[in-house]
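Asker: What follows is a single structure, and I will ask about it in a moment.
In UniProt numbering, the protein residues as written are 1 to 469.
Right, dumping it as structure tokens:
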């Protein structure tokens with residue numbers, strides 16, 4: 001049985017300000033109408049034999065569940081990593097989970113944030129890889145290079161095993177330009193895609209052979225795992241003891257069972273803004289334009305506007321990305337350094353490194369419209385059938401005005417309904433709850449006033465998402 005395994009633990013800091021820690025690139029529609037996670041799920045629909053497994057972190061669990069619901073797909077399990085430990089332990093958790101249903105399960109391991117333009121070619125490559133994986137080989141997919149790319153690692157192919165199938169000779173780190181040019185000209189090197197097809201038992205055996213401590217920690221974590229709705233929570237104490245390493249370093253560079261299947265499918269790992277310039281159609285002057293953008297005499301650039309008019313004149317080879325709370329300007333060949341900006345924001349303890357002005361929650365989202373001394377204004381959206389926790393604030397009062405939908409309001413011992421254009425007042429220190437009993441999203445404007453307006457001024461008494469203390 002073939003099971004897609006989606007790894008959804010990345011942050012994508014080089015795609016700031018759109019990708020941020022609390023809402024990273026895999027949950028964003030960067031390359032199409034759907035998010036990258038949803039696109040990855042969709043492209044497996046023609047080859048999967050069982051529901052996918054998704055490995056993600058605790059903070060993103062409801063975001064993953066909601067994105068699956070939007071495309072009407074259901075995962076066999078959402079495995080919540082208690083801590084980030086890189087890809088080798090993540091795949092081990094998925095392998096141990098898959099073995100509960102099929103001891104010889106085939107795992108198609110896919111990062112959730114890649115672009116594949118030719119899905120038919122991808123599906124065909126997976127079909128070529130299946131016989132090798134069924135024999136116990138650990139198969140990695142090597143992308144046929146279209147240029148001497150210095151931003152990717154490479155795989156050197158060994159002896160031929162069949163139709164575009166090879167022994168895995170060795171992995172090579174990201175090279176300089178001259179070395180990358182030599183790799184491409186040799187015809188023996190492929191880009192390292194980070195995608196794999198392998199039998200669960202073969203992978204776990206090789207992990208135990210080459211990294212026994214990691215396997216033991218993962219086995220202990222899954223032995224103590226708890227089921228919570230669709231979520232599987234490995235034991236946090238056991239998993240904290242797990243070493244951190246990639247599947248390449250921990251297993252693939254050491255195993256004698258490695259194999260490579262070549263892949264020519266318009267692949268990109270979308271590691272930086274320049275990759276999106278590569279994969280999107282460009283105008284006759286080489287520009288990619290997304291959103292409300294006006295250009296005059298501009299060339300070879302990427303422009304993205306998310307909340308307002310973006311205008312540019314007389315520029316060349318730039319990336320300009322606008323969001324509601326930040327603007328990035330960079331040379332197109334220097335966008336790998338955007339991660340330095342994120343590090344600077346984090347060091348300065350600025351929220352922009354991790355949070356958008358629109359913050360997603362299990363029940364919906366909220367967007368800060370005005371933040372000032374002693375008051376702020378938010379737009380709140382509550383999804384149909386969802387509700388916030390029963391809570392109170394020690395330092396602020398709130399006014400709620402319903403814009404659309406129906407609100408069920410609890411304030412102390414009163415429960416009442418509000419319709420469009422109706423409002424209510426929540427005094428400081430009063431227990432309260434907001435819920436959406438309707439079938440359409442509830443949208444309201446919240447005006448907060450008080451001496452302290454931080455999100456940590458919340459005392460939760462009851463919460464269906466397990467956040468009450």
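Idealized CB from N, CA, C, for every residue including glycine.
Specify, as a first and last residue, the run of the alpha helix (DSSP H) that residue 448 falls within.
Answerer: First-last for residue 448: 442 to 450, but that is the beta strand (DSSP E), not the alpha helix (DSSP H).
Asker: What separation, rounded to the nearest whole angstrom, lies between the Cα atoms of residue 161 and residue 167?
Answerer: Using only the alpha carbons, I get a separation of about 7 Å.
Asker: Excluding sequence positions up to five away, which residues of its chain have a Cβ less than 6 Å from the Cβ of residue 239?
Answerer: Excluding positions up to five away in sequence, the list reads 82 and 221.
Asker: Can you confirm whether the segment 326 to 334 touches the segment 3 to 10 when touching is taken to mean that 3 or more C-beta pairs between the two stretches lie within less than 8 Å?
Answerer: No, the segment 3 to 10 is not in contact with the segment 326 to 334.
Asker: Which residues in the same chain as residue 244 place their Cβ atom closer than 8 Å to its Cβ, once the five residues preceding and following it in sequence are excluded?
Answerer: Within the same chain, residue 244 has close Cβ partners 84, 85, 86 and 89.
Asker: Give the DSSP-derived three-state secondary structure of residue 340 in the structure shown.
Answerer: Correct three-state label for residue 340: helix.
Asker: Considering only residues of the same chain and omitting the five flanking positions on each side of residue 423, which have a CB-CB separation below 8 Å?
Answerer: Cβ neighbours of residue 423 beyond the five flanking positions: 399, 400, 401 and 402.
Asker: Please say whether residue 55 and residue 92 have beta carbons closer to each other than 7 Å?
Answerer: It is not a contact, given that the beta carbons lie outside the stated cut-off.
Asker: In terms of DSSP beta bridges, what is residue 192 paired with?
Answerer: Residue 192 is bridged to 142.
Asker: May I ask which residues mark the beginning and end of the alpha helix (DSSP H) holding residue 70?
Answerer: 61 to 70 is the span of the alpha helix (DSSP H), which, as asked, contains residue 70.
Asker: How close, in whole Å, do the beta carbons of residue 430 and residue 392 come, if the pair is a contact with beta carbons under 8 Å?
Answerer: Yes, they are in contact, since the Cβ atoms of residue 430 and residue 392 sit about 6 Å apart, within 8 Å.
Asker: When the Cα atoms are used, what is the spatial distance from residue 76 to residue 231?
Answerer: Distance between the alpha carbons of residue 76 and residue 231 is about 9 Å.
Asker: How many angstroms separate the CA atom of residue 407 from the CA atom of residue 218?
Answerer: Cα to Cα, the separation comes out at about 44 Å.
Asker: Express the C-alpha separation of residue 208 and residue 216 in angstroms, rounding to a whole number.
Answerer: Rounded to the nearest angstrom, the two C-alpha atoms are 8 Å apart.
Asker: State the start and end residues of the unbroken beta strand (DSSP E) segment that holds residue 111.
Answerer: It spans 106 to 111 - the beta strand (DSSP E) in which residue 111 sits, taken as one unbroken run.
Asker: Tell me the DSSP secondary structure of residue 18 in three-state form.
Answerer: In the structure shown, residue 18 sits in coil (DSSP, three-state: anything other than H, G, I, E or B).
Asker: Which residue spans inside the segment 313 to 380 form an unbroken beta strand (DSSP E) run of at least 3?
Answerer: Those beta strand (DSSP E) runs which fall completely within the segment 313 to 380 and span 3+ residues are 318 to 322, 327 to 331, 358 to 361 and 364 to 372.
Asker: If I follow the unbroken beta strand (DSSP E) through residue 81, where does it start and stop?
Answerer: 77 to 81 is the span of the beta strand (DSSP E), which, as asked, contains residue 81.
Asker: Using the three-state DSSP reduction, which class does residue 150 fall into: helix, strand or coil?
Answerer: Coil, per DSSP.
Asker: Starting from the C-beta of residue 396, find all residues in its chain whose C-beta is less than 8 Å away, skip the five residues before and the five after it, and write them out in chain order.
Answerer: Closer than 8 Å at the Cβ level, and outside the excluded window around residue 396, lie 428, 448, 449, 450, 451, 452, 453 and 457.
Asker: May I have the straight-line CA-CA distance separating residue 478 from residue 107, to the nearest angstrom?
Answerer: This structure does not reach residue 478, given that the chain is present from 1 up to 469, and the question cannot be answered.
Asker: Does the beta-carbon of residue 340 have 16 or more other beta-carbons within 10 angstroms, so that it is buried, or is it exposed?
Answerer: By the neighbour-count rule (16 or more Cβ atoms within 10 Å), residue 340 is not buried but exposed.
Asker: When burial is assigned at 16 or more other CB atoms within 10 Å of the CB, is residue 234 buried or exposed?
Answerer: That one is buried.
Asker: What residue from 320, 335 and 301 has the CA that sits closest to residue 308's CA?
Answerer: When only C-alpha atoms are compared, the closest one is 320.
Asker: Are the beta-carbon atoms belonging to residue 98 and residue 105 less than 7 Å from one another?
Answerer: It is a contact, given that the beta carbons lie within the stated cut-off.
Asker: Looking at the unbroken alpha helix (DSSP H) that takes in residue 210, where does it start and where does it end?
Answerer: 200 to 210 is the span of the alpha helix (DSSP H), which, as asked, contains residue 210.
Asker: Note down, in chain order, each residue of its chain lying with its Cβ closer than 6 Å to the Cβ of residue 269, except the 5 sequence neighbours on either side.
Answerer: The answer, listed in chain order, is 114.
Asker: Quick one: Cα of residue 51 to Cα of residue 278, how far?
Answerer: If you take the alpha carbons of residue 51 and residue 278, they lie about 32 Å apart.
Asker: Alpha carbon to alpha carbon, what distance is there between residue 337 and residue 188?
Answerer: Spanning the two alpha carbons is a distance of roughly 30 Å.
Asker: In the DSSP assignment, find the alpha helix (DSSP H) that holds residue 38 and state where it starts and stops.
Answerer: First-last of the alpha helix (DSSP H) with residue 38: 36 to 43.
Asker: Does residue 186 pass the burial test, meaning 16 or more other C-beta atoms within 10 Å, or should it be called exposed?
Answerer: The residue in question, residue 186, is exposed, as its Cβ has fewer than 16 Cβ neighbours within 10 Å.
Asker: By DSSP, does residue 119 sit in helix, in strand, or in coil?
Answerer: DSSP places residue 119 in helix when its eight states are reduced to three.
Asker: Compute the distance between the beta-carbons of residue 191 and residue 251, then report whether it is under 7 Å.
Answerer: The answer is no: Cβ separation not under 7 Å.
Asker: Considering only DSSP beta bridges, list what residue 57 is partnered with.
Answerer: In DSSP, residue 57 forms a bridge with 81.
Asker: Would you list the residues sitting across from residue 96 in a DSSP beta bridge?
Answerer: Answer is none; residue 96 lacks a bridge partner.
Asker: Buried or exposed for residue 288, going by 16 or more other Cβ atoms inside 10 Å?
Answerer: Residue 288 should be labelled buried.
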